[in-house]
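J.: Residue numbers (our numbering): 382 to 491.
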């Protein structure tokens, strides 16, 4: 791995299992993510437009490279039903080297 490789995890919530699957499959097919886990259902409690909501959602855990974040963010927004989708990224500080090599390989177009 080169010094410029910065692996990250991105969290995205979706309003349906179908939407979660469609976004996940697209990101992997387009090499924007090496892997996406879909956790379902989760319970989200949040404030939106002055009201407290209690909703069922599907959580995506996306493994990718930091350099793909902006492109992935735009792609998710184009596929997502929410006007303001949750798209947040966190650095992977440490990881099993063979896994990180795999992550790099599967988010790089030859």
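Ideal Cβ placement from N, Cα and C applies to all residues, glycine included.
Might you give, ordered along the chain, the residues of its own chain that have their beta carbon closer than 7 Å to the beta carbon of residue 382, omitting 5 neighbours on each side?
T.: Residue confidence for residue 382 is low, a pLDDT of 46 falling below 50, so the modelled location carries little weight; the figure read from the coordinates is stated next. Excluding positions up to five away in sequence, the list reads 481, 482, 485.
J.: What is the DSSP secondary structure of residue 383, reduced to helix, strand or coil?
T.: Its pLDDT being 48, under 50, residue 383 is placed unreliably in this model, and the coordinates cannot settle the point.
J.: Pairing CB atoms from the region 449 to 458 with CB atoms from the region 415 to 428, are three or more of them under 8 Å?
T.: no
J.: Write down every uninterrupted run of the beta strand (DSSP E) in the region 417 to 471 whose length is 3 residues or greater and which is fully enclosed by it, in chain order.
T.: List check, beta strand (DSSP E) in window: 432 to 446.
J.: Tell me whether residue 490 sits in a helix, a strand or coil according to DSSP, three-state version.
T.: Coil.
J.: Could you check how far apart the C-beta atoms of residue 404 and residue 441 are, in whole angstroms? I think they sit under 8 Å.
T.: 7 Å
J.: Quick test of the definition: if touching needs 3 or more C-beta pairs under 8 Å, does the region 414 to 424 touch the region 456 to 471?
T.: no
J.: Can you tell me which of 407, 460, 488, 393 puts its alpha carbon nearest to the alpha carbon of residue 421?
T.: Of the candidates 407, 460, 488, 393, the one whose C-alpha sits nearest the C-alpha of residue 421 is 393.
J.: Could you check what DSSP says for residue 389 in three-state terms: helix, strand or coil?
T.: strand
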